[in-house]
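Working notes for the structure below.
Residue numbers (this note's numbering): 107 to 276.
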């Protein structure tokens with residue numbers, strides 16, 4: 107069965123306010139709640155459908171994505187799945203590395219993150235810290251070019267000899 111329009115499910119227009127969406131969801135949730143409709147599979151389906159629609163439309167970012175992309179915004183590989191817009195599975199860096207990284211005459215030595223590359227930092231926080239928006243400081247490694255060789259790795263800035271200051275790392 108094709109996915110129904112979230113606005114249609116909740117019985118509101120696309121221009122509905124947040125309060126109208128919330129009010130409509132609460133009405134449907136009360137009507138179709140499993141505790142009020144024991145062993146009624148159709149009511150259970152409608153409750154789940156209304157909940158999914160409300161979860162997508164109550165959040166401004168999710169609503170904007172739904173308005174632009176429809177249900178595709180929440181599919182695998184889309185904007186992060188129906189649970190939220192979490193980490194984007196990151197296939198792009200792998201694709202670009204495959205085509206542009208290594209080979210093609212590039213140097214085999216690494217000089218740290220390339221200019222403009224994304225930084226990633228994994229941090230464990232509690233649910234309470236996530237909910238309250240805890241702020242913390244982290245240290246980010248940065249690349250500083252060698253003054254003697256001007257980041258070329260060569261002692262005379264053009265020849266094949268290795269810079270003694272940075273040992274050829276730039």
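In this text, a Cβ means the ideal position worked out from N, Cα and C, and glycines have one as well.
(request) With DSSP collapsed to three states, give me the class of residue 136. (result) For the purposes of this step, residue 136 is identified with residue 30 of the chain shown, where counting begins at 1. Helix.
(request) Return yes when the Cβ of residue 116 is within less than 7 Å of the Cβ of residue 162, no when it is not. (result) By 1-based counting over the chain shown, the position of residue 162 is 56. By 1-based counting over the chain shown, the position of residue 116 is 10. No. Outside cutoff.
(request) Taking only runs that begin and end inside the stretch 146-189, name each unbroken alpha helix (DSSP H) of 4 or more residues, in chain order. (result) 147-164, 166-175
(request) With DSSP collapsed to three states, give me the class of residue 243. (result) Along the chain shown, one-based indexing puts residue 243 at 137. DSSP places residue 243 in coil when its eight states are reduced to three.
(request) Go ahead and label residue 127 buried or exposed: buried means 16 or more other beta carbons lie within 10 angstroms of its beta carbon, across all protein chains shown. (result) Taking the chain shown and counting its residues from 1, the one referred to as residue 127 is at position 21. Buried, by the Cβ-count rule.
(message) Distance check for residue 239 and residue 185, CA to CA, integer angstroms please.
(response) For the purposes of this step, residue 185 is taken as the residue at position 79 of the chain shown. For the purposes of this step, residue 239 is taken as the residue at position 133 of the chain shown. No answer about residue 185 holds up, because its pLDDT of 46 lies below 50 and its placement is not dependable.
(request) Please state whether DSSP places residue 130 in a helix, a strand or coil. (result) Here the question's residue 130 lines up with position 24 in the chain shown. Here residue 130 sits in helix by DSSP.
(request) Starting from residue 231, trace the alpha helix (DSSP H) both ways and give me its first and last residue. (result) As a first step, residue 231 is located in the chain shown; it is residue number 125 there, counting from the start. Looking at the DSSP string, residue 231 is not in any alpha helix (DSSP H), and its letter there is neither H nor E.
(message) Please state the DSSP three-state secondary structure of residue 124.
(response) For the purposes of this step, residue 124 is identified with residue 18 of the chain shown, where counting begins at 1. If DSSP states are grouped into helix, strand and coil, residue 124 belongs with the helices.
(request) May I ask you to report which of helix, strand or coil DSSP gives residue 116? (result) Within the chain shown, residue 116 is the residue found at index 10, counting from 1. Reduced to three states, the DSSP call for residue 116 is helix.
(message) Just to confirm my understanding: we take residue 150, look at its own chain, exclude 5 residues before and 5 after, and list those with CB closer than 6 Å. What are they?
(response) If you number the chain shown from 1, residue 150 lands on position 44. Only 140 meet the Cβ criterion.
(request) Return the residue from the list 131, 129, 137, 155 that minimises the CA-CA distance to residue 109. (result) The residue labelled residue 109 in the question sits at position 3 within the chain shown. Answer by Cα proximity: 155.
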